[in-house]
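Asks:
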Amino acid sequence: MLLSKISSLKTAASFASNTIRNMSNIPKNRLEGKVAVVTASTEGIGYAIARRLAQEGAKVILSSRKQNNVDSAVSKLTAEGLNVTGIVCHVAKAEDRKKVFNEADKLGGLDILVSNAAVNPTTGPVLDCDESVWDKIFEINVKAAFLLAKEGVPLIRKRGGGSIVFISSIAGFHPMPLLGAYSVSKTALLGLTKAAATDLACENITVNCIAPGVVKTKFAEYLTGNEAVSDHALTMIPMNRFGVPEDISGIVAFLASEDARYITGETIIAAGGMSSRL
56 MLLSKISSLK TAASFASNTI RNMSNIPKNR LEGKVAVVTA STEGIGYAIA RRLAQEGAKV
116 ILSSRKQNNV DSAVSKLTAE GLNVTGIVCH VAKAEDRKKV FNEADKLGGL DILVSNAAVN
176 PTTGPVLDCD ESVWDKIFEI NVKAAFLLAK EGVPLIRKRG GGSIVFISSI AGFHPMPLLG
236 AYSVSKTALL GLTKAAATDL ACENITVNCI APGVVKTKFA EYLTGNEAVS DHALTMIPMN
296 RFGVPEDISG IVAFLASEDA RYITGETIIA AGGMSSRL
C-alpha cells in the first residue's frame, strides 16, 4: 500500500511538472477574435477553461454567483495579460443570464458558450433523493444548461456559427452510488448534446460535451481529500492519478476551435481510463 501511494504521488508530481513546462506550447491565436462565455468559472474546471480560452486569444466573460469571486478571478487573469471580464450570474435566474449575454453583445457577439455550472447538494442512492433536492439538481444541472444554450444561440447565429460545450461527468456514463441524482442529471446532458447538435448542425454551430472523471477541485474534495476514499477511487483509474482542471480546459479549447469544425454531437470522456459505458 505504501509503495503504491509513493508511486501515485510521484506520478502526480511528475505530471504537474510536465503541465507547467508544457504551458509554453499552448496555441496563442487559435481563438483570436472570438467571444466566449463560461459559467461557474471563478475556480476549478470553469476557471481553467476560461483561462485557456483567453490564452488562445478569445475575449472571455467569467461568471459566478458571488461578486468577490468574480473580482478575484478577473484580477488574477488580467494580471496575466489576458482579455477577460466578469459578471455575477446565478444560472437559474433569467435576469442574470440576460446580463451575461448582453455583456457578450457589447463585446461583439458570442462565438463560444461553455455551460459548466452544476450543484450536488446531497449524497446517496438515486431513489433516496428528496423531491425538492431532485428539482434543485435538475434546475441547475440540466434546465439552466438548456436555457443558456437556447438564449445564447441567437447571438451565435449572428456571428455565422460557433460552439456550445456542455460539461457533464463520468458519472453520466457510470452512475456513482453516492451521487445518484447528480449522475442522472449528467446523463441528461448527453441527450441534450445529441438533440441540440442535430438541430444546429446546418447552421455551422457545433454542440459537444465533455465528461470529466475525478478532477482535483473543491467540488470533488469528498473523493480526493479523504485518504481512505481517495485510495479506493484511484484503484478505478488506470492512469493512477486524479485529473487536474487543465486536463479539461485544453479539450474545450480544441472543441471551440476550427480544428474541431467537423465534430458535433459528441461527448469526450476525460477520465484517465475509467469505465465509461452506459
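Residues 56 to 333 (the numbering used here) make up the sequence shown, in order.
Positions of the beta carbon are idealized from the N, C-alpha and C atoms, including for glycine.
Because the structure is a prediction, the values reported are computed rather than measured.
Which stretch, first to last residue, makes up the beta strand (DSSP E) that contains residue 170?
Replies: Here the beta strand (DSSP E) through residue 170 covers 167 to 170.
Asks: Using the rule of at least 16 other Cβ atoms within 10 Å of the residue's Cβ for burial, across every protein chain shown, is residue 229 buried or exposed?
Replies: Buried.
Asks: Would you kindly check if the distance between the Cβ of residue 264 and the Cβ of residue 321 is under 9 Å?
Replies: Yes, Cβ-Cβ distance for residue 321 and residue 264 is below 9 Å.
Asks: For residue 114, which residues from the same chain have a beta carbon less than 6 Å from its beta carbon, with the 5 sequence-adjacent residues on both sides left out?
Replies: Excluding residues within five positions, the ones whose Cβ falls inside 6 Å are 90, 138, 162.
Asks: Quick check: residue 237 and residue 303, are their CB atoms within less than 9 Å of each other?
Replies: In this structure, residue 303 does not lie closer than 9 Å to residue 237 by Cβ.
Asks: Going by Cα to Cα distance, which pick from 260, 234, 267, 259 is closest to residue 245?
Replies: Nearest C-alpha to residue 245: 267.
Asks: Out of curiosity, what's the CA-to-CA distance linking residue 166 and residue 214?
Replies: Their Cα atoms are separated by approximately 7 Å.
Asks: So does the stretch 281 to 293 actually touch the stretch 136 to 150, counting three or more Cβ pairs closer than 8 Å?
Replies: The stretch 281 to 293 vs the stretch 136 to 150: no contact.
Asks: Could you check the C-alpha separation between residue 280 and residue 259 for me, to the nearest Å?
Replies: The straight-line gap from Cα to Cα measures roughly 42 Å.
Asks: Out of curiosity, what's the CA-to-CA distance linking residue 205 and residue 283?
Replies: If you take the alpha carbons of residue 205 and residue 283, they lie about 42 Å apart.
Asks: Please report how far the alpha carbon of residue 177 lies from the alpha carbon of residue 188, in whole angstroms.
Replies: Their backbone Cα atoms lie some 7 Å apart in a straight line.
Asks: What is the DSSP secondary structure of residue 146, counted as helix, strand or coil?
Replies: Looking at residue 146 - three-state DSSP - the assignment turns out to be coil, as it is neither helix nor strand.
Asks: Tell whether a beta-carbon distance below 9 Å holds between residue 152 and residue 117.
Replies: Contact: no.
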